[in-house]
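Notes for the one structure printed next.
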Amino acid sequence: MNTYKALKLQKELESQTLNGYKILELLNNGKSAAVFKAEKNDFVVALKIFDDEITEKFGHEIEIKRIQNEIALKNHNILNLVKIYEGDYVEIDSKKYYYIAMEFIDGMNLKQYICSDNICDQGFLLKVFQSLIETTEQLILEKKVVHRDIKPENIMIDKNGKIVLMDLGVLKFIGAQSFTDTEEEKEFVATLRYAPPELLYRNEEDSENGWRAINIYQIGATLYNLIMKKEIFHDMTPYTKLVIAIKDDIPKVSNQQYNYKLIKLIGDMLTKDWKQRLSLVTKQEINAVLSIKNIHDDSIEQTINDIQKIRTIHKPKVDEILALKRTKQELIANRDKFNANIENTISKILNDINNILKEQKMCSDFYESNAFHFWGDKNSTENITKNYLYEFSGSLEMGYPGNLYILITIFNNAHQYAEIHAYAFFKYYTQKDIIDNPIKIFSTINKMNRSALDEAPQNRILVIKGTITDLDEGFIQQIQKIILKIINKALALAVTTVNKSLDRQKKLELNGYSSYIVDDKIIIVDSSNFTIDK
Numbered sequence: 001m002n003t004y005k006a007l008k009l010q011k012e013l014e015s016q017t018l019n020g021y022k023i024l025e026l027l028n029n030g031k032s033a034a035v036f037k038a039e040k041n042d043f044v045v046a047l048k049i050f051d052d053e054i055t056e057k058f059g060h061e062i063e064i065k066r067i068q069n070e071i072a073l074k075n076h077n078i079l080n081l082v083k084i085y086e087g088d089y090v091e092i093d094s095k096k097y098y099y100i101a102m103e104f105i106d107g108m109n110l111k112q113y114i115c116s117d118n119i120c121d122q123g124f125l126l127k128v129f130q131s132l133i134e135t136t137e138q139l140i141l142e143k144k145v146v147h148r149d150i151k152p153e154n155i156m157i158d159k160n161g162k163i164v165l166m167d168l169g170v171l172k173f174i175g176a177q178s179f180t181d182t183e184e185e186k187e188f189v190a191t192l193r194y195a196p197p198e199l200l201y202r203n204e205e206d207s208e209n210g211w212r213a214i215n216i217y218q219i220g221a222t223l224y225n226l227i228m229k230k231e232i233f234h235d236m237t238p239y240t241k242l243v244i245a246i247k248d249d250i251p252k253v254s255n256q257q258y259n260y261k262l263i264k265l266i267g268d269m270l271t272k273d274w275k276q277r278l279s280l281v282t283k284q285e286i287n288a289v290l291s292i293k294n295i296h297d298d299s300i301e302q303t304i305n306d307i308q309k310i311r312t313i314h315k316p317k318v319d320e321i322l323a324l325k326r327t328k329q330e331l332i333a334n335r336d337k338f339n340a341n342i343e344n345t346i347s348k349i350l351n352d353i354n355n356i357l358k359e360q361k362m363c364s365d366f367y368e369s370n371a372f373h374f375w376g377d378k379n380s381t382e383n384i385t386k387n388y389l390y391e392f393s394g395s396l397e398m399g400y401p402g403n404l405y406i407l408i409t410i411f412n413n414a415h416q417y418a419e420i421h422a423y424a425f426f427k428y429y430t431q432k433d434i435i436d437n438p439i440k441i442f443s444t445i446n447k448m449n450r451s452a453l454d455e456a457p458q459n460r461i462l463v464i465k466g467t468i469t470d471l472d473e474g475f476i477q478q479i480q481k482i483i484l485k486i487i488n489k490a491l492a493l494a495v496t497t498v499n500k501s502l503d504r505q506k507k508l509e510l511n512g513y514s515s516y517i518v519d520d521k522i523i524i525v526d527s528s529n530f531t532i533d534k
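Read in order, the letters of the sequence shown correspond to residues 1 to 534 in our numbering.
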């Protein structure tokens with residue numbers, strides 16, 4: 001219902017009452033209804049009156065069912081969900097008016113809030129996030145209901161700062177067929193711009209997890225608006241471009257005013273595949289973000305004394321993909337470009353770590369290999385896996401029983417989903433040209449039965465996993481923190497062996513020898529002996 005029609009409806013009813021409700025002013029209008037401020041017996045409500053064209057389209061019975069669906073939530077106790085009082089229809093001068101009376105919220109909707117001069121700081125954003133997550137989860141668990149149309153226009157902020165989820169007009173009971181759907185056809189009922197791919201194409205799974213994934217995407221798209229100060233896919237018009245963007249494009253989420261963990265989670269919330277989305281946006285990850293106190297909550301921990309935080313600043317890079325048709329060649333190019341960006345960033349991080357260690361006299365030399373593949377690595381149009389070996393050398397006095405090797409495995413697809421793993425170990429014996437032939441060292445380890453190459457994936461440490469929207473300073477600091485932790489853990493595991501080697505060297509020197517022997521052993525830093533507070 002457009003504004004003209006809503007104002008016409010207001011004038012039409014200004015001398016009438018609907019079941020005792022007197023209309024005071026127009027508050028808002030949308031696709032299917034107009035909302036008015038109204039009162040009955042001095043009690044103020046928001047009165048939603050449905051567009052008669054919608055009623056004609058679906059019929060009287062469907063409109064009544066729509067109202068009954070909302071009335072079913074009349075006595076709910078969900079804190080941040082609009083209260084529903086009653087609903088029915090009234091016939092005036094042979095015309096039927098279908099309405100819902102609900103809680104009047106004195107404030108503004110989130111879209112108006114974003115466009116105003118109000119503060120959208122991290123505290124406010126986390127408050128919106130928590131309110132929406134808790135409200136939608138309560139709806140699923142307690143009422144078996146899904147909202148289906150979460151967006152800034154349907155979220156109110158009252159004058160006391162309370163966040164309220166509004167407009168239950170397209171709610172659905174999980175497991176029950178929607179009255180606007182048939183076996184032959186499912187009508188699209190949400191707002192296109194905020195719909196994930198599975199809802200756009202109406203192939204969503206009608207289960208708690210299926211709808212939970214849709215809630216997560218719509219909340220993520222709403223938070224995107226708050227962080228970026230613009231609508232998601234705001235520049236994608238007309239309709240065909242927007243459909244393509246929803247299906248394929250990864251929106252860039254980047255703002256240095258917010259904690260990187262928060263930015264990262266919002267990127268994960270906008271993951272295209274709904275099952276992958278759920279695997280990334282877990283209760284644990286949500287709670288970790290909601291516990292953030294300030295933007296510096298995830299700063300680099302001081303692993304080596306007096307190491308300062310690296311001030312590497314990477315400005316966000318914006319990749320605009322406006323093509324209406326995605327070819328296999330383009331997907332491969334996107335995949336390889338993303339992989340190359342990660343490769344360059346990881347290489348720079350390792351080089352920066354080497355510089356730090358050298359300054360602290362905790363490393364003497366550093367080398368890196370070219371990319372190589374293991375037997376199990378697979379390449380396809382969607383996925384790519386590459387491995388890189390980094391070598392740190394140092395003396396026993398520095399805590400090195402031999403050269404320290406860090407294997408970095410980078411997996412990614414064409415849609416900016418990536419997994420980065422690390423596999424670190426000290427090798428005590430010398431062997432030339434290892435860095436130029438990385439597979440050789442793993443074959444040697446395998447033959448020594450110290451750690452079979454086939455077991456390497458189980459031993460790997462997960463460095464980062466998820467939809468990476470930007471390789472910015474937050475990403476760099478997160479990777480750097482974990483790699484430093486891995487190096488610190490390797491040195492800690494080697495302390496006993498280094499002490500034994502130094503004791504042996506001392507004895508040899510006392511007996512007139514100038515050389516010493518290091519045990520032919522390997523120490524591996526793997527996921528079983530490595531923990532980090534991410």
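Here a beta-carbon is modelled for each residue, glycine too, at the ideal position from N, C-alpha and C.
Computed from a predicted structure; not experimentally measured.
Extent of the continuous alpha helix (DSSP H) run through residue i
i: Y4; result: T3 to L13
i: N287; result: K283 to L290
i: K275; result: W274 to L280
For residue i, three-class secondary structure by DSSP
i: G107; result: strand
i: G553; result: This structure cannot speak to residue 553, because the chain is shown only from 1 to 534.
i: E134; result: helix
i: L73; result: coil
i: G87; result: strand
i: K162; result: coil
i: L18; result: strand
i: M228; result: helix
i: P316; result: With a pLDDT of 43 at P316, under the threshold of 50, the modelled position of this residue cannot be trusted, and the question is left open.
i: T55; result: helix
i: Y400; result: coil
i: N203; result: coil
i: G466; result: strand
Residue from the options with nearest C-alpha to residue i
i: F50; options: L168, L125, L270 and K143; result: L168
i: Y98; options: N19, N341, C115 and G161; result: N19
i: N437; options: A371, A422 and M398; result: A371
i: I137; options: G210, I461 and F58; result: Reading the sequence as shown, one finds Glu at residue 137 and not Ile. Out of G210, I461 and F58, G210 has the C-alpha closest to the C-alpha of E137.
i: P238; options: R193, I219, I67 and Y224; result: R193
i: Y258; options: N118, V90 and Q122; result: Q122
i: A46; options: E419, K151, F366 and Y21; result: Y21
i: Q16; options: I92, I64 and E134; result: I92
i: E391; options: L357, H373, F374 and Q112; result: L357
i: L389; options: N351, N287, M228 and R504; result: N351
i: Q360; options: K328, M398, F366 and M166; result: M398
i: W274; options: F530, M236, K261 and A195; result: A195
Proximity of residue i and residue j at Cβ, strictly below 7 Å
i: P401; j: T497; result: yes
i: T271; j: L471; result: no
i: A72; j: A34; result: no
i: V146; j: N80; result: no
i: A490; j: L404; result: yes
i: I410; j: I342; result: yes
i: K172; j: R202; result: no
i: I84; j: K74; result: yes
i: A38; j: L24; result: yes
i: P197; j: I266; result: no
i: I216; j: V170; result: no
i: I150; j: I78; result: no
i: K127; j: P152; result: no
i: I523; j: V463; result: no
i: F426; j: A494; result: yes
i: I64; j: G87; result: no
Check: residue i C-beta below 6 Å from any heavy atom of the ligand GTP
i: L223; result: Of the ligands one can find in the structure shown there are none, so the ligand GTP has no counterpart to examine.
Same chain only: Cβ atoms within 6 Å of residue i, ignoring 5 sequence neighbours per side
i: L125; result: L226
i: N334; result: A414
i: T385; result: D377 and F411
CB contact below 7 Å: residue i versus chain C
i: I78; result: In the structure shown, chain C does not exist; there is a single protein chain.
Same chain, Cβ closer than 7 Å to residue i, five either side skipped, listed in chain order
i: L199; result: A190 and I214
i: D106; result: D158 and K159
i: F338; result: N412 and Q416
Residues of its chain near residue i, where Cβ-Cβ distance is below 8 Å and the 5 sequence neighbours each way are ignored
i: D206; result: I174 and G175
i: Q130; result: L290
i: L278; result: N209, R212, A213 and I216
i: N354; result: C363, F366 and F392
i: D336; result: I384
Span of the beta strand (DSSP E) around residue i
i: S393; result: N383 to S393
i: V35; result: A33 to K40
i: A418; result: Y417 to K427
i: F366; result: D365 to E368
i: F50; result: F43 to F50
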